[in-house]
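All remarks here apply to the structure that follows.
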Amino acid sequence: MATMAECRTALDELSDNLASADGGVRGAAALNRSLSCHITDLDATFTGRLENGRIALLDTHEGPPRDKAEIRLAMTGDDLVALVGGELGFAKAWASGRVGLEAGFRDLLKLRSLL
773 MATMAECRTA LDELSDNLAS ADGGVRGAAA LNRSLSCHIT DLDATFTGRL ENGRIALLDT
833 HEGPPRDKAE IRLAMTGDDL VALVGGELGF AKAWASGRVG LEAGFRDLLK LRSLL
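Start counting the sequence shown at 773; every next residue gets the next number (our numbering).
Printed below as a string of structure tokens:
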């Protein structure tokens, strides 16, 4: 089971990957939205913002998200690490229910290029 430190590292790596992306991925990541990532097996939530093509983490707390972020992710720590490491494809994980993604319809359309 991934630790909180490993999950934080994976989110930092994801932020770096988004910042260095080009084309459609860069455009999709250019949203300015609140973000939460609930790590279900650790029952902890990272909160922050997706802005300027980066994820800026602001807080970590125990339990599910306290506020409804504009983009909400939910998954196990192992799945987060595997997604960022390229061992698990996002589209397949999302379709199978291993990863939860909730956002407004327009944001989902924009984020689809990340899938």
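Backbone N, C-alpha and C define an ideal beta-carbon position, used for all residues, glycine too. Given the structure is predicted, the values throughout are model-derived calculations rather than measurements.
Coil, strand or helix - residue i by DSSP
i, result
"Ala-875", "strand"
"Met-776", "helix"
"Glu-859", "coil"
Residue closest to residue i, alpha-carbon to alpha-carbon, out of the options
i, options, result
"Gly-869", "Thr-848, Glu-778 and Arg-878", "Thr-848"
"His-810", "Pro-837, Ala-791, Asp-794 and Leu-803", "Pro-837"
"Glu-785", "Gly-820, Met-776, Val-853 and Lys-882", "Val-853"
"Gly-857", "Met-773, Met-776, Ala-777 and Thr-781", "Thr-781"
"Asp-831", "Glu-823, Glu-859, Leu-807 and Leu-881", "Leu-807"
"Gly-835", "Ser-787, Arg-821 and Asp-813", "Asp-813"
"Asp-879", "Ile-843, Glu-823, Ala-867 and Gly-872", "Ile-843"
"Thr-775", "Asp-815, Lys-882 and Glu-874", "Asp-815"
Segments assigned beta strand (DSSP E), at least 3 residues, entirely inside the region 788 to 848 | Here the runs fully enclosed are 805 to 811, 816 to 823, 826 to 834 and 843 to 847.
Does the region 856 to 871 come close enough to the region 827 to 838 to have 3 or more Cβ pairs within less than 8 Å?
-> By the C-beta criterion, the region 856 to 871 is judged not to be in contact with the region 827 to 838, since fewer than 3 inter-stretch pairs fall below 8 Å.
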